[in-house]
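**Q**
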Amino acid sequence: MNLEVLIQHATIEALKKLYDYDTDTALVQVQNTRKDQIGDFTIVVFPFVRFSKKSPEVTGKEIGNFVTEKVNLIDSFQVVKGFLNFIVKNDYWLKYLRDAFNDNSFGLINQGENCKTIMVEYSSPNTNKPLHLGHIRNNLLGYSISEILKANGHKVIKTNIVNDRGIHICKSMYAWQKWGNGETPESTGIKGDHLVGKYYVEFSNRLKFEIAELMSKGFSEEEAENNAPSMIAARELLVKWEANDPETINLWKTMNEWVYKGFDETYRKLGVDFDKIYYESDTYITGKEEVLRGEKEGVFFRKEDQSVWADLTADGLDQKLLLRSDGTSVYITQDIGTAKMRYNDFDIDKMIYVVGNEQNYHFQILALLLDKLGYSWGKDLFHFSYGMVELPSGKMKSREGTVVDADDLIEEMTDVARKMSQELGKLESLAKDEAEATYRMIALGALKYFILKVDPRKNMLFNPEESIDFNGNTGPFIQYTHARIKSVLRKAEEKQINFTTDFLLPEISQKEKDLLKTITLFPDVVKEAGDNYSPAVIANYCYELVKEYNQFYHDHSILAESDEAKRNFRLVLSSTVAKVAKTGMGLLGIQMPERM
RNA sequence: GCCUCGAUAGCUCAGCUGGAUAGAGCAACUGCCUUCUAAGCAGUAGGUCAUGGGUUCGAAUCCCGUUCGGGGUACCA
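Numbering (the working numbering), first residue to last: 600 to 1195.
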């Protein structure tokens, strides 16, 4: 049982003995004492004065005396206004440090009885265009959430559903057929996903032109879009595709292969991966079957034009199209099929969809439809809904070319990291490829931290005019601190200074104690991040920790310390900070360099 | 229109399961490298927590109204 719980229980007992008041753990909260106050743990006594019938100060003193008597790890206490601050014996903190230092999986929970099998879907790209910054946020969140859930003792299956079919890819296919002149990634030297994306943009431009033309002839915007020749051609391609037309399927396969090769490269650079990949071209048929079964069972209905719908008005929503009048399937049809296949393939306790908040409505409906189709797990689907990445000019739109391309961004960041390292004269002793790997590590550290430190639910702003920072509250700052500690530890080794946790109790300074206390917060932070699906909690903690370390580092010598117990303690402290920071950043998918 | 999310320093963000004087970073200004990595440390300045009410011993945090902004409400995905 940890000390906070001991204090909590002792306080409950005190309330009973002193004031004959019965309460439970929910009403007695032990919190960490504010940094600017003396003490380690705090209990707010205001809620108790009502039945102690004494002033907050007196109430605090009475409870303080009782608890201090009862819990022998507590050294003393102070009452400031209505706040009861306990001061804990140094032995407690030092023992904690020893344990943390010796525990290789400090802060992580082993797979135990609460272990769930959780499937996390993320990335989910369309195969008609390359990945952009919005996808980067998705990929980083999905990967990080998976790691955080593993750290909380769960089994995680990372999955990706590739939207490899549908009208969007037909648009690229049509444009390539029409204006491509047989271009390939090989013939042009353009990365496959970028080449296909180029034709998607060309299609959009052409369509925009055609719509304008038709509207000038008196068509409404909707009519114009439906009657634009390019749009008609793309729809024809989709019908041919669903009818298995060999020529269409061939072209589709070829262009998708180009895209996959490109995606694989981007995923590799980003450092994300998947345990199982689904393709909508494999799952949409199951979806169609499910919809038709639903229609047969009277859950769904068919309109005169042969389109199939779900009536959700009883649930406070609208009618929802499930199959088009030409018989082809839509987005939600595919998702129904994908969900069913996943539950057939794996024994899943929980399904998490990492998808942007623009699709909140979609997932609300998906859960409802699956429930109506008789799947008990339908309502348990969890949509991890995250905010958009916005540019100063507003939302990113692939169709309009206002996107920050993922590959470009990573390259630019790497260039900045390289330039900066060289200006600072760092890494000169490293071999070229090792230095390059470190630049990449720093660049990705900056990018990933920049994205993951913000609350996932909120929209965030990216300004391409200002490059992502490498100083201050950033990934490289945390990486730097790690490298700094590693450097000290290397020097210790060179000087043959061995250190163990057997140090006799040294006196510890306030800064050392603050740092040590920050280390003790890590397990709770991991748990909170898991409960709230929030990499941001981890990111902000890592920053807090290394900031604390840098202050300590500035004020104390480590290797030059003559008192052996102190030197020993500081080395253990440093080493533990490095380990915790590395573990924490690992949960964000950020690697830590040995030197930088 | 309806549904939904948001608004904290000049900018980007923490803090939101109610607790002490609202915190960081960036940008601006000042100091600190003959000593373990200055991608660092210390400091100055910067706030009506959109706004009006309510609940409470106590509200940035919870509730209601208002204003402004994002997203959704497609036979796009």
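Yeah, the Cβ is synthetic: ideal placement off N, Cα and C, and Gly gets one too.
Source: prediction; values computed, not measured.
#1: Is F899 helix, strand or coil by DSSP?
#2: Using 8 Å as the cut-off, can you tell me whether the region 919 to 934 makes contact with the region 887 to 907, which would need three or more C-beta pairs spanning the two stretches below that distance?
#3: Which residue comes first and which comes last in the alpha helix (DSSP H) that contains E989?
#4: What are the start and end residues of the alpha helix (DSSP H) that includes F808?
#5: From H753 to Y942, what does the alpha carbon distance come to, in whole angstroms?
#6: With which residues is L683 paired in a DSSP beta bridge?
#7: Can you give me the C-alpha to C-alpha distance between K1090 and K1116, rounded to a whole angstrom?
#8: Use the C-beta contact count for R1166: other C-beta atoms within 10 angstroms, 16 or more gives buried, fewer gives exposed.
#9: What are the boundary residues of the alpha helix (DSSP H) that includes K839?
#10: Hey, quick one: how far does the beta strand (DSSP E) through Y974 stretch, first residue to last?
#11: Quick check: E739 and I1050, are their CB atoms within less than 8 Å of each other?
#12: Please state whether the Cβ-Cβ distance between K728 and S997 is less than 8 Å.
#13: Would you say Q933 and T882 are within 8 Å of each other, going by their C-beta atoms?
#14: Taking the beta carbon of F983 as the centre, do at least 16 other beta carbons fall within 10 Å, making it buried, or is it exposed?
#15: Quick one: give me the first and last residue of the alpha helix (DSSP H) that Y618 is part of.
#16: Taking DSSP's pairing of strands, which residues face M718 in a bridge?
#17: What residue from Y877, G861, T632 and K978 has the CA that sits closest to G791's CA?
#18: Let me make sure I understand the geometry here. Which of I662, P1192 and Q905 has the alpha-carbon closest to that of E627?
#19: Hey, would you say D639 sits closer than 8 Å to I708, going by beta carbons?
#20: Return yes when the Cβ of I964 is within less than 8 Å of the Cβ of L916, no when it is not.
#21: How many angstroms separate the CA atom of F676 from the CA atom of E1092?
#22: For Y985, name the three-state secondary structure that DSSP assigns.
#23: Check whether the region 682 to 697 and the region 710 to 729 are in contact - that is, three or more C-beta pairs closer than 8 Å.
#24: Quick check on this structure: which residue in W857, H731, L813 and K1181 has the alpha carbon closest to the alpha carbon of E785?
#25: Rounded to the nearest angstrom, what separates I673 and Y1038 at their Cα positions?
#26: For S651, collect the residues of the same chain with a Cβ closer than 6 Å to its Cβ; drop the 5 residues on either side in sequence, then sort them by chain order.
#27: Just to confirm my understanding: we take N1058, look at its own chain, exclude 5 residues before and 5 after, and list those with CB closer than 6 Å. What are they?
#28: Please classify G659: does DSSP put it in a helix, a strand, or coil?
#29: In whole angstroms, give me the CA-to-CA distance for T641 and L921.
#30: For R923, which residues of its own chain have a beta-carbon under 8 Å away from its beta-carbon, when the five flanking residues on both sides are left out?
#31: Roughly how many whole angstroms lie between the Cα atoms of P1075 and K1085?
#32: What are the uninterrupted segments assigned as alpha helix (DSSP H) that are 4 or more residues long and contained completely in the region 1065 to 1090, given in chain order?
#33: So, with DSSP's three-state summary, where would you put I1009?
#34: Near V1015, what residues of its chain come up, given a Cβ to Cβ distance below 6 Å and the 5 sequence neighbours on each side ignored?
#35: Residues in the same chain with beta-carbon distance under 6 Å from Y620, minus the five sequence neighbours each way, listed in chain order, please.
#36: Could you tell me the distance, in whole angstroms, from the CA atom of V871 to the CA atom of S1161?
**A** From the atom records:
#1: If you number the first sequence from 1, residue 899 lands on position 300. Three-state DSSP puts F899 in coil, outside helix and strand.
#2: Flag = yes, the region 919 to 934 and the region 887 to 907 touch.
#3: By 1-based counting over the first sequence, the position of residue 989 is 390. Counting along the chain, no alpha helix (DSSP H) covers E989; the unbroken beta strand (DSSP E) around it starts and ends at V988 to L990.
#4: In the first sequence, residue 808 corresponds to position 209, counting from 1. Annotation for F808: the continuous alpha helix (DSSP H) segment containing it runs G791 to S815.
#5: Walking along the first sequence from the start, residue 753 turns up at place 154. Walking along the first sequence from the start, residue 942 turns up at place 343. H753 and Y942: Cα-Cα distance of roughly 18 Å.
#6: Looking up residue 683 in the first sequence gives position 84. Paired residue(s): I642 and V678.
#7: Position 491 of the first sequence, counting from 1, holds the residue named residue 1090. Position 517 of the first sequence, counting from 1, holds the residue named residue 1116. Going from the Cα of K1090 to the Cα of K1116 covers about 26 Å.
#8: Taking the first residue of the first sequence as position 1, residue 1166 is located at position 567. So R1166 counts as buried.
#9: Within the first sequence, numbered from 1, the residue matching residue 839 stands at position 240. DSSP places K839 in the uninterrupted alpha helix (DSSP H) bounded by P828 to E841.
#10: Taking the first residue of the first sequence as position 1, residue 974 is located at position 375. Careful: Y974 lies outside any beta strand (DSSP E) and carries neither H nor E.
#11: Sequence index remark: in the first sequence, residue 739 carries index 140 (1-based). Sequence index remark: in the first sequence, residue 1050 carries index 451 (1-based). Going by the sequence as given, residue 739 is Leu instead of Glu. Yes, they are a contact pair.
#12: Your numbering for residue 728 matches position 129 in the first sequence. Your numbering for residue 997 matches position 398 in the first sequence. K728 places its beta carbon less than 8 Å from that of S997.
#13: As a working mapping, residue 933 is identified with position 334 in the first sequence. As a working mapping, residue 882 is identified with position 283 in the first sequence. Taking 8 Å as the cut-off, the Cβ atoms of Q933 and T882 count as close.
#14: The sequence position of residue 983 within the first sequence is 384, counting from 1. Result: buried.
#15: For the purposes of this step, residue 618 is taken as residue 19 along the first sequence, with counting starting at 1. In the DSSP assignment, Y618 falls within the alpha helix (DSSP H) that extends over L602 to Y618.
#16: Here residue 718 refers to the residue found at position 119 of the first sequence. I756 and M950.
#17: Locating residue 791 in the first sequence gives position 192, where the first residue counts as 1. Answer by Cα proximity: G861.
#18: Position 28 of the first sequence, counting from 1, holds the residue named residue 627. First, the residue type needs correcting, since residue 627 is Val and not Glu in the sequence shown. Closest by alpha carbon: I662.
#19: Locating residue 639 in the first sequence gives position 40, where the first residue counts as 1. Locating residue 708 in the first sequence gives position 109, where the first residue counts as 1. For D639 and I708, no; Cβs fall outside 8 Å.
#20: The sequence position of residue 916 within the first sequence is 317, counting from 1. The sequence position of residue 964 within the first sequence is 365, counting from 1. L916 places its beta carbon less than 8 Å from that of I964.
#21: The count along the first sequence starts at 1 and reaches residue 676 at position 77. The count along the first sequence starts at 1 and reaches residue 1092 at position 493. Whole-angstrom Cα-Cα distance: 41 Å.
#22: Along the first sequence, one-based indexing puts residue 985 at 386. Y985: strand per DSSP, three-state reduction.
#23: No contact exists between the region 682 to 697 and the region 710 to 729.
#24: Along the first sequence, read from residue 1 onward, the residue named residue 785 stands at position 186. With respect to the C-alpha of E785, the residue from W857, H731, L813 and K1181 having the closest C-alpha is W857.
#25: Against the first sequence, residue 673 aligns to sequence position 74. Against the first sequence, residue 1038 aligns to sequence position 439. Rounded to the nearest angstrom, the gap between the Cα atoms of I673 and Y1038 is 47 Å.
#26: As a working mapping, residue 651 is identified with position 52 in the first sequence. Within the same chain, S651 has close Cβ partners Y618 and T658.
#27: The residue you call residue 1058 lines up with position 459 of the first sequence. For N1058, where only same-chain residues beyond five positions count, the Cβ hits under 6 Å are G986, M987 and E989.
#28: By 1-based counting over the first sequence, the position of residue 659 is 60. DSSP places G659 in helix when its eight states are reduced to three.
#29: Along the first sequence, one-based indexing puts residue 641 at 42. Along the first sequence, one-based indexing puts residue 921 at 322. Near 56 Å, if we compare the C-alpha coordinates of L921 and T641.
#30: On the first sequence, position 324 is the one that residue 923 refers to. S906 and V929, listed in sequence order.
#31: On the first sequence, position 476 is the one that residue 1075 refers to. On the first sequence, position 486 is the one that residue 1085 refers to. So the alpha carbons of these two residues sit roughly 15 Å apart.
#32: Every candidate alpha helix (DSSP H) stretch fails here, since none sits fully inside the region 1065 to 1090 while reaching 4 residues.
#33: The sequence position of residue 1009 within the first sequence is 410, counting from 1. In the three-state scheme derived from DSSP, where H, G and I count as helix and E and B as strand, I1009 is classed as helix.
#34: By one-based count along the first sequence, residue 1015 stands at place 416. Cβ-Cβ distances below 6 Å link V1015 to S1066 in the same chain, with the five nearest sequence neighbours on each side left out; the list follows chain order.
#35: Position 21 of the first sequence, counting from 1, holds the residue named residue 620. Taken in chain order, the residues that qualify are L614 and F650.
#36: The sequence position of residue 871 within the first sequence is 272, counting from 1. The sequence position of residue 1161 within the first sequence is 562, counting from 1. Whole-angstrom Cα-Cα distance: 46 Å.
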